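Report on the structure given below.
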Amino acid sequence: MRIAVDATCWHNRRGYGRHARALLRALIRLDSGNEYTLFLDSTQAAEPTPQECKVRVLQASVPTVQAASANGRRSLSDMWRMSRALSSSEFDVVLFPTIYSYVPIFSCARKLVMMHDVIAETFPQLTVPRRAARIFWNMKVALGRMQADALITVSDYSKQQILKRFGGDPNQVQVVGEAADPIFRRLEHPCPSPTLRKLGLDGSRPMVLYVGGFSPHKNLEALISAFARIVARPEFADSILAMVGDTSGDAFHTYYGTIAARVEALGLRDRVVFTGFMSDADLVALLNLGRVLVLPSLMEGFGLPAVEAAACGCPVIATKASPLEGLLGRGGVYIEPAEDDIARALADVLSSEQKRVEMSERATQAAQRLTWDNAARQMMSVINGVGAA
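Positions 5 to 393 (our numbering) are the ones given, in order, by the sequence shown.
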């Protein structure tokens with residue numbers, strides 16, 4: 005079959021861009037029976053595309069990773085240009101790795117649409133605060149669901165949330181998992197990189213870690229407040245919190261300014277480090293040196309930063325509103341995303357080296373069971389099943 009892929013998310017540095025790159029690379033490498041064409045909207049890709057596939061570039065007036073966001077400012081001309089290209093009669097299947105960049109398809113091709121979660125639907129005021137943008141988002145999701153021959157999501161948890169929110173046939177919602185990239189691994193002799201040393205993250209002080217975006221649903225105010233309570237205790241007074249994520253601007257609704265102000269208000273300026281975007285190599289070193297990673301979100305469809313941390317042997321404290329308890333098992337501690345629960349879990353994990361060692365071993369074992377090759381095989385099964393229908 006000839007498969008067109010909307011790969012405009014290839015440039016994105018957040019979770020769904022990382023997901024698309026890893027999944028498509030594995031899929032194209034393993035699936036020699038089908039022919040793939042990736043559609044980009046810029047020649048300035050952050051990372052090279054696979055050599056085994058075709059690539060077409062449809063230059064956009066504004067990159068889709070900026071425009072197809074919670075603010076919904078993607079131009080009609082850009083959308084029409086992509087829609088017309090993907091609707092070509094030469095393709096048997098059209099794949100959207102994320103519903104963020106979905107455009108209507110006007111052809112007989114089978115359509116596969118990935119919907120990672122229902123966070124925007126569950127917390128609209130936190131994710132799509134502008135009324136016009138919310139209307140645009142809801143229309144896009146409704147049309148994507150209506151046109152999809154199969155709706156694909158990233159976990160059984162997310163599938164149940166999608167069915168709870170929208171109803172429909174459970175057989176039409178397929179699960180294709182995620183995994184940590186092989187670069188995320190335990191280091192035999194972890195040491196801080198020059199970047200980490202410059203940031204003061206050399207491992208000489210106990211480090212609590214957060215990796216991800218600064219959107220309101222990430223619940224970072226609760227994390228900051230819980231951390232403030234922890235460092236007020238003498239036994240944890242030397243701890244620092246490293247918050248890894250791009251703070252220079254985000255196409256999605258961000259509240260980095262609110263978080264930074266909260267840090268100042270609580271007198272934590274010398275205890276909280278905002279690293280900005282971090283390379284994978286630096287992140288691997290940091291995760292190997294950290295005491296614990298906290299993912300306190302109000303909801304996660306998958307929670308890839310937690311799986312990447314687990315692959316590096318870093319214990320995890322994660323929200324129960326996610327699939328992570330089923331994925332990482334006893335490699336993590338799972339909490340209601342509330343300040344009290346976060347503070348209790350931090351105290352529990354930071355106070356016991358034996359507990360951290362046990363969690364570390366179990367976390368790594370659990371993460372190693374998840375691979376992108378397995379995810380690609382799941383996707384191949386969906387593609388071939390839809391194509392044969």
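Every residue, glycine too, gets a C-beta built ideally from N, C-alpha and C.
These numbers come from a predicted model, not from an experiment.
- The DSSP assignment places 296 to 299 and 320 to 323 as complete runs of the beta strand (DSSP E) inside the region 281 to 331, in order along the chain (cut-off: 3 residues).
- Under the three-state reduction of DSSP output, MET83 falls in the helix class.
- Counting C-beta pairs closer than 8 angstroms gives three or more between the region 262 to 281 and the region 215 to 225, which meets the contact rule.
- As DSSP reads the structure, ASP10 sits in a beta bridge with PHE43.
- Membership of ARG114 in the beta strand (DSSP E) is indicated by the continuous run 114 to 118.
- Proximity to PRO196 across VAL386, GLY305, ASN292 and LEU90 peaks at ASN292, based on C-alpha coordinates.
- Annotated three-state conformation of LEU270 is coil, per DSSP.
- The C-beta of ALA113 has 16 or more other C-beta atoms within 10 Å across all chains shown, which makes the residue buried.
- A straight-line Cα-Cα distance of about 8 angstroms links ASP45 and ARG60.
- It is roughly 45 angstroms from the alpha-carbon of THR279 to the alpha-carbon of GLY391.
- Membership of GLN151 in the alpha helix (DSSP H) is indicated by the continuous run 135 to 151.
- Residue environment for PHE218: buried (at least 16 other C-beta atoms within 10 angstroms of its C-beta).
- Setting aside the 5 residues that flank it on each side, GLU94 is surrounded in the same chain by ARG6, each with a C-beta closer than 7 angstroms to its C-beta; the list follows chain order.
- Here the region 374 to 386 does not lie against the region 15 to 22, with fewer than 3 beta-carbon pairs under 8 angstroms apart.
- Taking the C-beta atoms as reference points, ALA367 is found nearer than 8 angstroms to GLY317.
- Counted as a single uninterrupted DSSP element, the beta strand (DSSP E) harbouring LEU155 occupies residues 154 to 157.
- By the beta-carbon neighbour count (other beta carbons within 10 angstroms, threshold 16), LEU200 is buried.
- Between the alpha carbons of VAL311 and ILE166 lies a distance of about 22 angstroms.
- Take LEU308, set aside five residues on each side of it, and the residues of its chain with a beta-carbon closer than 6 angstroms to its own are GLY19 and GLU182, in chain order.
- Straight across, the Cα-Cα distance linking ALA285 with VAL277 is about 18 angstroms.
- DSSP places TYR106 outside any alpha helix (DSSP H), giving it a letter other than H or E.
- Put simply, the backbone Cα of ARG275 is about 39 angstroms away from that of MET118.
- A buried status is given to ASP10, since no fewer than 16 other beta-carbon atoms sit within 10 Å of its beta-carbon.
- The residues GLY280 and PHE281, in chain order, have a CB closer than 8 angstroms to that of SER252 in the same chain once the five nearest residues on each side in sequence are set aside.
- Using a 10 angstroms sphere on the CB of ASP173, the tally of other CB atoms stays under 16, which defines it as exposed.
- Boundaries of the beta strand (DSSP E) harbouring TYR338: 336 to 339, taken from the DSSP string.
- Secondary structure of VAL122 (DSSP, three-state): coil.
- Assigned with DSSP and collapsed to three states, GLN176 falls in helix.
- By the CB criterion at 8 angstroms, PHE306 and VAL158 fall inside the cutoff.
- Assignment of beta-bridge partners to LYS58 by DSSP yields THR41.
- In the assembly as shown, PRO101 is a buried residue. Its beta-carbon has 16 or more other beta-carbons within 10 Å.
- Taking a C-beta distance under 8 angstroms as the contact criterion, GLU304 and LYS324 do not qualify as a contact pair.
- In this structure ALA232 touches LEU272 by the C-beta definition: roughly 6 angstroms separates them, less than 8 angstroms.
- Under the DSSP assignment, LEU245 falls in the beta strand (DSSP E) whose first and last residues are 244 to 248.
- Within its own chain, the residues whose Cβ lies closer than 8 angstroms to the Cβ of ILE156, once the five positions on either side in sequence are excluded, are LEU116, VAL117, MET118, MET119, VAL177, GLN178, VAL179, VAL180, MET383 and VAL386, listed in chain order.
- The Cβ atoms of TYR259 and PRO300 do not sit closer than 8 angstroms to each other.
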